[in-house]
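Here is the structure we will look at.
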Amino acid sequence: MPRPPTFTARAPGDNRPRLIAIDWGTTSLRGVLIDAQGHIAQQRALPQGILQVEPGGFAAAFDRHFGDWLALQPDMCLLSGMVGSRQGWQEAAYCPCPAGFGALCNQLLWLEGAHGIPTAIVPGMSVVPQASVDAAHGVPDVMRGEEIQVMGALHLMGQDSGLLVLPGTHSKWVQAQGRSITGFKTFMTGELFAVLAQHSILGKTLDSSAPLDETAFAQGLERARSSDALSHLLFGTRALSLFGALSPAQSASYLSGLLIGQEMATMQPAAGTRVALIGSAALVQRYTLALRHAGCEAVAFGDEATWAGHQAIYQYLTGTSS
Numbered sequence: 001m002p003r004p005p006t007f008t009a010r011a012p013g014d015n016r017p018r019l020i021a022i023d024w025g026t027t028s029l030r031g032v033l034i035d036a037q038g039h040i041a042q043q044r045a046l047p048q049g050i051l052q053v054e055p056g057g058f059a060a061a062f063d064r065h066f067g068d069w070l071a072l073q074p075d076m077c078l079l080s081g082m083v084g085s086r087q088g089w090q091e092a093a094y095c096p097c098p099a100g101f102g103a104l105c106n107q108l109l110w111l112e113g114a115h116g117i118p119t120a121i122v123p124g125m126s127v128v129p130q131a132s133v134d135a136a137h138g139v140p141d142v143m144r145g146e147e148i149q150v151m152g153a154l155h156l157m158g159q160d161s162g163l164l165v166l167p168g169t170h171s172k173w174v175q176a177q178g179r180s181i182t183g184f185k186t187f188m189t190g191e192l193f194a195v196l197a198q199h200s201i202l203g204k205t206l207d208s209s210a211p212l213d214e215t216a217f218a219q220g221l222e223r224a225r226s227s228d229a230l231s232h233l234l235f236g237t238r239a240l241s242l243f244g245a246l247s248p249a250q251s252a253s254y255l256s257g258l259l260i261g262q263e264m265a266t267m268q269p270a271a272g273t274r275v276a277l278i279g280s281a282a283l284v285q286r287y288t289l290a291l292r293h294a295g296c297e298a299v300a301f302g303d304e305a306t307w308a309g310h311q312a313i314y315q316y317l318t319g320t321s322s
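Residue numbers (the UniProt record's numbering): 1 to 322.
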């Protein structure tokens, strides 16, 4: 396995790019080229996730999609996301929580660099029970890609602690303290919504493509506070539609409110808490409404959190500033 490289100070007037930053997920591939001044010079987004790459074909795919950037001889390439999973380029061992920013940087998985450029995969993080891992009690949790977004958001906010939520197919609630990720929980909210809307009886009476109905969404949030089991609450979506209380468009928003409300009921953020949200605009809108419903304040971030996280790692490794 390649050893971590040693980075030397740049000569005056060296205008080569600093960094190629890559977020390589299950279904998509995104990258930015960071110039010598730390600004995004170019960016690309491709529907070429890790599932579209043949086994053993990651180096060739990387060169095919970003070879022109590699030819500019940046200082390094950093890759985050599912590219470090067992189905990715090479499996990067999870960095166990609690872990600080320095620990994450020191556990980068260095690869044979394309075009001779130092290339590393950000390892992801895990929460593992201290006693044992078993199906009844000692259930672990993992994430890949979100850890760099969390570090980037903290950097952008100028904070080292806080609660951060990353909505998505598998939503993450992350607690940071002293620039360390101390723990997190994952909820299959987005995936569960898709399964219910497309492959269950609920899909017969809802329109998942309809725009958000804030009133119906808030009703779902409120209903999620019930002590009843989720399976019972979910069936209520259908019953309400059968009795004409919800239209197909409203049913989709109500269901979304139920599922996101379950996250809120589990995590119970205290009223007045300032929460960083990192994700797509549509999901951030829903979680902002949910947090406000609970009396919390939300501050939103998009892709900039990902690239800020990559830049922070670059600065740590090279001893430079933005």
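The beta-carbon is built from N, C-alpha and C at its ideal position, and this holds for glycine as well.
Task: Contact between the region 306-321 and the region 29-39 (3+ Cβ pairs under 8 Å) - done: yes
Open item on the list: Please state whether the Cβ-Cβ distance between F193 and G257 is less than 8 Å.
Closed with: Within the sequence shown, the letter at position 193 stands for residue 193. Within the sequence shown, the letter at position 257 stands for residue 257. Result no, Cβ atoms of F193 and G257 do not sit closer than 8 Å.
Task: 8 Å contact criterion, which I181 and C105 should meet: CB distance rounded - done: Residue mapping note: residue 181 aligns to position 181 of the sequence shown, counting from 1. Residue mapping note: residue 105 aligns to position 105 of the sequence shown, counting from 1. About 13 Å separates the CB atoms of I181 and C105; that is not less than 8 Å, and the two are not in contact.
Open item on the list: Less than 8 Å between the beta carbons of I20 and P74, yes or no?
Closed with: Counted from its first residue, the sequence shown places residue 20 at position 20. Counted from its first residue, the sequence shown places residue 74 at position 74. Cβ distance < 8 Å, so I20 and P74 count as in contact.
TODO: Could you work out which residue in R144, M143, V128, G145 is closest to H137 when comparing CA atoms only?
DONE: The residue you call residue 137 lines up with position 137 of the sequence shown. In terms of CA proximity to H137, V128 leads the group R144, M143, V128, G145.
Open item on the list: Please list the terminal residues of the continuous alpha helix (DSSP H) segment that includes R292.
Closed with: Counted from its first residue, the sequence shown places residue 292 at position 292. That run of the alpha helix (DSSP H) goes 281-293.
- [ ] For L277, I'd like the list of residues in its chain whose CB is within less than 6 Å of its CB, leaving aside the five on either flank, ordered along the chain.
- [x] Walking along the sequence shown from the start, residue 277 turns up at place 277. These residues qualify, in order along the chain: V165, V284, Y287, A298, A300.
- [ ] Excluding the 5 residues preceding and the 5 following F235 in the sequence, name in chain order all residues of the same chain whose CB lies nearer than 6 Å to its CB.
- [x] In the sequence shown, residue 235 corresponds to position 235, counting from 1. Correct list: empty, nothing qualifies.
- [ ] Identify every run of the beta strand (DSSP E) within the region 24-106, keeping only runs that are complete inside it and at least 3 residues long; order them along the chain.
- [x] 29-34, 40-46, 76-80
TODO: Check I117 in the structure and name its three-state DSSP category.
DONE: Numbered from 1 along the sequence shown, position 117 holds the residue referred to as residue 117. I117: coil per DSSP, three-state reduction.
TODO: On the DSSP bridge assignment, give the partners of Q177 in chain order.
DONE: For the purposes of this step, residue 177 is taken as the residue at position 177 of the sequence shown. S180, per the DSSP bridge assignment.
Task: Test: T6 CB closer than 8 Å to a CB of chain D - done: Going by chain labels, chain D is absent from the structure shown, which holds only one protein chain.
Open item on the list: Quick check on DSSP: helix, strand or coil for L246?
Closed with: Within the sequence shown, numbered from 1, the residue matching residue 246 stands at position 246. L246: coil per DSSP, three-state reduction.
Task: Endpoints, the alpha helix (DSSP H) within which F7 is located - done: As a working note, residue 7 is residue 7 in the sequence shown. Annotation for F7: no alpha helix (DSSP H) segment contains it, and DSSP assigns it neither H nor E.
Open item on the list: Using 8 Å as the threshold, is the C-beta distance between T306 and Q149 below it?
Closed with: Taking the first residue of the sequence shown as position 1, residue 306 is located at position 306. Taking the first residue of the sequence shown as position 1, residue 149 is located at position 149. Result yes, Cβ atoms of T306 and Q149 sit closer than 8 Å.
Task: Inter-residue CB distance, G162 and L154 (contact presumed, cutoff 8 Å) - done: Position 162 of the sequence shown, counting from 1, holds the residue named residue 162. Position 154 of the sequence shown, counting from 1, holds the residue named residue 154. That belief holds up - the Cβ atoms of G162 and L154 are roughly 7 Å apart, short of 8 Å.
Open item on the list: With the cut-off set at 8 Å, would you say Q107 and P118 are in Cβ contact?
Closed with: Position 107 of the sequence shown, counted from the first residue, corresponds to residue 107. Position 118 of the sequence shown, counted from the first residue, corresponds to residue 118. For Q107 and P118, no; Cβs fall outside 8 Å.
Task: C-beta contact flag for L72 and R16 at 8 Å - done: Here residue 72 refers to the residue found at position 72 of the sequence shown. Here residue 16 refers to the residue found at position 16 of the sequence shown. The answer is yes: Cβ separation under 8 Å.
TODO: State the beta-bridge partners of W110 as determined by DSSP.
DONE: For this step, residue 110 is matched to residue 110 along the sequence shown. Beta-bridge pairing links W110 to A120.
Task: Close Cβ partners of T189 (< 7 Å) along its chain, the five nearest in sequence each way excluded - done: Walking along the sequence shown from the start, residue 189 turns up at place 189. Around T189: S171, L259, I260, E263.
Open item on the list: Cutting at 8 Å between CB atoms, please list the residues of its own chain near V139, excluding the five before and the five after it.
Closed with: Position 139 of the sequence shown holds residue 139. So the qualifying residues of the chain are P129, V133.
Task: Under the three-state DSSP convention, the category R274 falls into - done: Residue mapping note: residue 274 aligns to position 274 of the sequence shown, counting from 1. If DSSP states are grouped into helix, strand and coil, R274 belongs with the strands.
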